[in-house]
Amino acid sequence: MDQLPEKFPASRVLTETDNSYVHAATSENTRMAYQSDIKHFLSQGNELPATPETVECYLKACATEYNPRTLIRRVTALRQWHKLQGCEDPTQNPLVVKTLRGIARLHGRPKKQAIALRLEDLDRLVTHLKANGALKSTRNRALLLVGFFGAFRRSELVSLKWGQVSFLSDGMIITLPRSKTDQTGEGAPCVIPFGNETRCPVRALIDWRQASKQWDGFIFRRISKTGNLSQEAICAHHLNRLIKALVKEVGLLYADQYSSHSSRRGFATEAARLGASMPAIQRHGRWRSTKTVVEYVEAGRQFADSAVNVLFDFK
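Residues in the sequence shown are numbered from 1365 upward in steps of one, following the numbering used here.
Pasting the structure below:
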């Protein structure tokens, strides 16, 4: 949101120092999404600052082409832009509010969610990778197990560094210096005990460390086609492609519906299915919203808690 139209008064533009503090208040992913949304708004021939009528016309033009959730995010980006620049906010106008509400009602569609990775499917993936023995397979095995049992977000997982890991006699503690729910950097410890022979993220990470011969910097680094290890971390988008490719290799159904979020979602649903309490799941996964955890817990227990079960048991 740094690029302003020529008509916008230069005196209203924030200085570089001001911007550094403003940027630090928002996560990089959010800033990138907002910048993309503002660019799209301008690409349709609109100007900033915007009027309620302009925003209304923009929403109507996009109503059938984009998911209502995408339009809601774009309106949020416009709102933040106007607030940041000290301009009157057109998105709060009743005309815009009602238009957006009507679009959501008429064109709303179910939210696409990644399939939760089940433990038995995780075992299949890990066994497949372990049998390979290549450097990339060793990395991917650690990536899968740490991602699943740490319930890490994609951005957290790819940015992990060796300095954040403490190996102890009972397992390991990975300290997150900053996360989606900890923007001020107070630090959040993720405690992971030793597991069984197949499902042990601690041993898998030790195996990767020994194979890569790396003791500092990013944990999960890029590996070239020739097997050379980079100093750069794998990117978030590559992680999605990697997961999809792996599930296809082992023949899991609906492979295209898996993503990097499948591990985090799978941790919550599997833990709930096997009896973990909701507070324990929320604490370990560092979820701020109880509503999100409830959805995952209910998904994990949906068959066990189904009212249909009593009908099957009736004699």
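Glycine included, each C-beta is placed from N, C-alpha and C at the ideal position.
Restricted to the stretch 1624 to 1677, the alpha helix (DSSP H) segments that are unbroken, complete and at least 4 residues in length are 1625 to 1637, 1642 to 1649, 1654 to 1665, 1672 to 1677, listed in chain order. For Met1396, the closest alpha carbon among the candidates Arg1563, Leu1603, Ala1632, Arg1438 is that of Arg1438. When the five nearest sequence neighbours on each side are left out, the beta carbons in the same chain lying within less than 8 Å of the beta carbon of Arg1637 are those of Gly1664, Arg1665, Ala1668, in order along the chain. Rounded to the nearest angstrom, the Cβ distance from Phe1584 to Arg1503 is 6 Å, consistent with a contact under 8 Å. The beta carbons of Ala1515 and Gly1649 sit closer together than 8 Å. Note that the stretch 1551 to 1564 touches the stretch 1529 to 1536; at least 3 beta-carbon pairs, one per stretch, sit closer than 8 Å. When rounded, the separation of the alpha-carbon atoms in Asn1496 and Val1661 is 34 Å. Contact between Leu1435 and Leu1464 holds, since their C-beta atoms are separated by about 7 Å, short of 8 Å. Here Arg1433 is exposed. Its C-beta has fewer than 16 other C-beta atoms within 10 Å. Secondary structure note for Arg1503: its alpha helix (DSSP H) is the uninterrupted segment 1499 to 1513. Sequence-distant Cβ neighbours of Phe1631 in its own chain, meaning closer than 6 Å and more than five residues away, are Phe1512, Ala1515. His1601 sits exposed, since fewer than 16 C-beta atoms from the chains shown fall within 10 Å of its C-beta.
For Arg1585, the pairing in a beta bridge is given by DSSP as Ala1597. When Asn1457, Gly1466, Gln1574, Ala1427 are compared, the shortest CA-CA separation from Leu1499 is found for Gln1574. For Pro1432, the enclosing alpha helix (DSSP H) begins and ends at 1432 to 1448. Nearest C-alpha to Thr1656 among Ala1468, Thr1633, Ser1407, Leu1448: Thr1633.
Rounded to whole angstroms, Leu1489 and Ala1597 show a C-alpha spacing of 22 Å. A residue is called buried when at least 16 other Cβ atoms come within 10 angstroms of its Cβ; Asp1620 does not meet this threshold and is exposed. Under the three-state reduction of DSSP, Gly1466 is assigned to helix.
For Leu1616, there is no enclosing alpha helix (DSSP H), as DSSP marks it with neither H nor E. The residue among Pro1643, Asn1393, Leu1448, Arg1567 with its C-alpha nearest the C-alpha of Arg1505 is Arg1567.
In the DSSP assignment, Phe1516 falls outside any beta strand (DSSP E), carrying neither H nor E. By the 16-neighbour rule on beta-carbons within 10 angstroms, Pro1454 is buried. Thr1394 sits in a helix when the DSSP states are folded into three classes. Burial state of Glu1520 is buried, judged by a 10 Å Cβ sphere holding 16 or more other Cβ atoms. Take Gln1456, set aside five residues on each side of it, and the residues of its chain with a beta-carbon closer than 8 Å to its own are Arg1443, in chain order.
With respect to Trp1526, Gln1578 sits close: the two C-beta atoms are nearer than 8 Å.
Between Leu1406 and Ala1635, the alpha-carbon positions lie close to 45 Å from each other. Annotated as distal: Asp1677 and Arg1563, with beta-carbon spacing of 8 Å or more.
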